[in-house]
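Undergrad:
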Amino acid sequence: MDKSPLQPSDVPTSIHQATQPHLTPETFKKVLGKLISSPKSFTREDTILAFEHLLDPSSTLPSQIGSFLTALHLSGREGDVDILAGGAEVLRRYAIVVDVPEEETNSKPRMVVDIVGTGGDGHNTFNVSTTAAVIAAGAGARVYKHGNRASTSSSGAADLLITLGCPLSPHISSPRSVPDPKFRFLLAPHHHPLLAPLAPIRRTLPHRTILNLLGPLVNPSRPAAIVIGVAHASLGPTFIKALSCDEKVQRAWVVCGEEGLDEISCAGPTHVWEYMRGRSDGEFAEFSIEPSSFGLRAHSLDMVKGGKGPEENAETFMHLINPEKWGARKGPSEDVTPVLEFVLMNAAAVLLVADVANSLEEGVRLARESVVSGNAWDAFCSFRDWDNSS
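Under the numbering used here, the residue at position 92 of the sequence shown is numbered 92, and the numbers go up by one with no gaps.
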């Protein structure tokens, strides 16, 4: 029997509850009052206290939750380091964590890496980060991608994978009968169930909220390396500093295409904010890259638009990495070259931050080999089989 991909009953209930006896609607009223009356003095500690209230249904009223999310949005402080770091700290604390088996390559631990975007860029491009994640896994990276259904686009990561036959079961630990795949997808609602009561309230609001921004920062596998795309360049410096507050993160890139794209752009320059823990000449760096940095040509964003829904994007995904779609060719057709090279750029960044590649050009070479060899398709099939195994 086919599995329903998103059953609330599938979500594990053995989670440390956020409920604390000293949290009440009255205590939250004071936190909310400070945010409204003096938003500039709202601290990281205030944010932590606010989120502890938000994750405890008995300590807030629905009207207070809506007021808080709206007040924070109007304050202009949603993207501040203190707000992002404080909110992420609480969400990670109460998340259902993922069992990550130890794995070594060349006598050193193989780090977990993620690639994810904040969304909201309005460009409706193809599912680049998901496809790049699969290709990077085929090239040797260990990718645990955290994501959800579409919020602002026609096809989110979860929508694409479900269409491709992955039920997205809530695997907290790996089924012993099936090897742990190099690519895994972690559906956000399975790992952050305490956010579920907030969903109906968020849907009534006419704006995105802080929770949209926090998603990329709260991967329950706690990756050591990550590439995050942001839709506004103003978020770059604060996101990279918020990532540095997570002691698990060793290397990170935050990227923003010049067009306001939450991916590495195939059309022109991309701004990069980098963090590398313990680097002797400075942990933070800021620079720009462009398609030529990868040894690739530029392609207009019009050439890499997503389809009208996940079905069209799934077909493109198949033409990119499934050898059975290539016929007598030894790789994808030229028709999909712009999309392929768009994806290769982003996969190369994943391979670089995950310490699989030493340069962006080497990352492109490894990513292309992953596609042409069929290793990317094998990585996807391994995940699909593993996901269907329980």
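No residue lacks a Cβ here, since even glycine has one placed at the ideal position from N, Cα and C.
Whole-angstrom Cβ separation of P57 and P197, contact assumed at under 8 Å?
TA: Indeed they touch by this definition, with Cβ atoms about 5 Å apart.
Undergrad: Could you spell out the range, first to last residue, of the alpha helix (DSSP H) harbouring G363?
TA: L360 to V372
Undergrad: Who are the near neighbours of F287 in its chain, counting only those whose CB is closer than 7 Å to its CB and skipping five residues on each side?
TA: V272
Undergrad: According to DSSP, simplified to helix, strand and coil, what is A285?
TA: strand
Undergrad: For K145, does the count of other Cβ atoms within 10 angstroms reach 16, so buried, or fall short, so exposed?
TA: buried
Undergrad: Once DSSP output is grouped into helix, strand and coil, what is the label at H401?
TA: Outside the modelled stretch of the chain, which goes from 1 to 390, sits residue 401, for which no answer is possible.
Undergrad: Should A199 go down as buried or exposed, given a rule of 16 or more other Cβ atoms within 10 Å for buried?
TA: exposed
Undergrad: What does the alpha-carbon distance come out to for the pair E103 and E45?
TA: Approximately 36 Å between the Cα atoms of the pair.
Undergrad: Could you check what DSSP says for G117 in three-state terms: helix, strand or coil?
TA: strand
Undergrad: Just to confirm, is the Cβ distance from G268 to G229 under 9 Å?
TA: no
Undergrad: According to DSSP, G257 sits in a beta bridge with which residue or residues?
TA: L261 and T270
Undergrad: Spatial neighbours of C426 within its chain, please: CB distance less than 7 Å, with the 5 preceding and 5 following residues excluded, ordered by chain position.
TA: Summary: the structure shown does not reach residue 426, with the chain confined to residues 1 through 390, and so no result is reported for it.
Undergrad: Checking the sheet assignment: what are the DSSP bridge partners for M276?
TA: R251
Undergrad: Would you list the residues sitting across from G229 in a DSSP beta bridge?
TA: G117 and V255
Undergrad: What are the start and end residues of the beta strand (DSSP E) that includes S184?
TA: The amino acid at residue 184 is misidentified as Ser; the sequence shows Arg. Taken as a continuous stretch (DSSP letters only), the beta strand (DSSP E) holding R184 covers F183 to L187.
Undergrad: List the DSSP bridge partners of V98.
TA: DSSP output for V98 lists no bridge partner at all.
Undergrad: Do you know offhand how far R149's Cα is from H191's?
TA: CA-to-CA, the gap between R149 and H191 works out to about 14 Å.
Undergrad: Checking the sheet assignment: what are the DSSP bridge partners for T125?
TA: K305
Undergrad: When we look at the beta-carbon of R368 and count the other beta-carbons within 10 Å, is it buried (16 or more) or exposed?
TA: That one is buried.
Undergrad: Take the Cβ of K182 as the centre, count every other Cβ of all protein chains shown within 10 Å, and call the residue buried at 16 or more, exposed below.
TA: buried
Undergrad: Count the other CB atoms within 10 Å of the CB of R142; is the residue buried (16 or more) or exposed (fewer)?
TA: buried
Undergrad: Whose CA, out of L61, F28, T118 and E362, lies closest to the CA of I201?
TA: L61
Undergrad: Does the segment 343-362 touch the segment 224-239, meaning 3 or more C-beta pairs lie closer than 8 Å?
TA: yes
Undergrad: Please report the straight-line C-alpha distance between S280 and K40, rounded to a whole angstrom.
TA: 34 Å
Undergrad: Would you be able to state if there are at least three C-beta pairs under 8 Å between the segment 236-245 and the segment 64-84?
TA: Short answer: they touch.
Undergrad: Residues in the same chain with beta-carbon distance under 7 Å from N322, minus the five sequence neighbours each way, listed in chain order, please.
TA: The beta carbon of N322 sits closer than 7 Å to those of W377, all from its chain and outside the five residues before and after it, given in chain order.
Undergrad: For A391, I'd like the list of residues in its chain whose CB is within less than 6 Å of its CB, leaving aside the five on either flank, ordered along the chain.
TA: Limits of the chain in this structure are 1 at one end and 390 at the other, which puts residue 391 out of reach.
Undergrad: Using only CA atoms, which one of K325, L194, L301 and A314 lies nearest to G165?
TA: A314
Undergrad: Pull the bridge partners of P200 from the DSSP assignment, please.
TA: Bridge pairing for P200: absent [DSSP].
Undergrad: Excluding the 5 residues flanking T43 on each side, which residues of the same chain have their C-beta closer than 7 Å to its C-beta?
TA: D82
Undergrad: Decide if the segment 115-123 is in contact with the segment 329-337; the criterion is three or more beta carbon pairs, one per stretch, under 8 Å apart.
TA: no
Undergrad: Grouping DSSP H, G and I as helix and E and B as strand, with all else coil, what is P109?
TA: strand
Undergrad: Between the C-alpha atoms of V339 and K29, what's the straight-line distance to the nearest angstrom?
TA: For V339 and K29, the distance between alpha carbons rounds to 49 Å.
Undergrad: Cβ-heavy atom distance between A196 and the ligand SAH below 8 Å?
TA: Looking at this structure, you won't find the ligand SAH or any other ligand, since it has none at all.
Undergrad: Determine the direct distance from the alpha carbon of S75 to that of D385, and round the result to whole angstroms.
TA: 46 Å
Undergrad: My guess is that L194 and Y94 are in contact by the Cβ rule of under 8 Å, so how many angstroms apart are they, rounded?
TA: 5 Å
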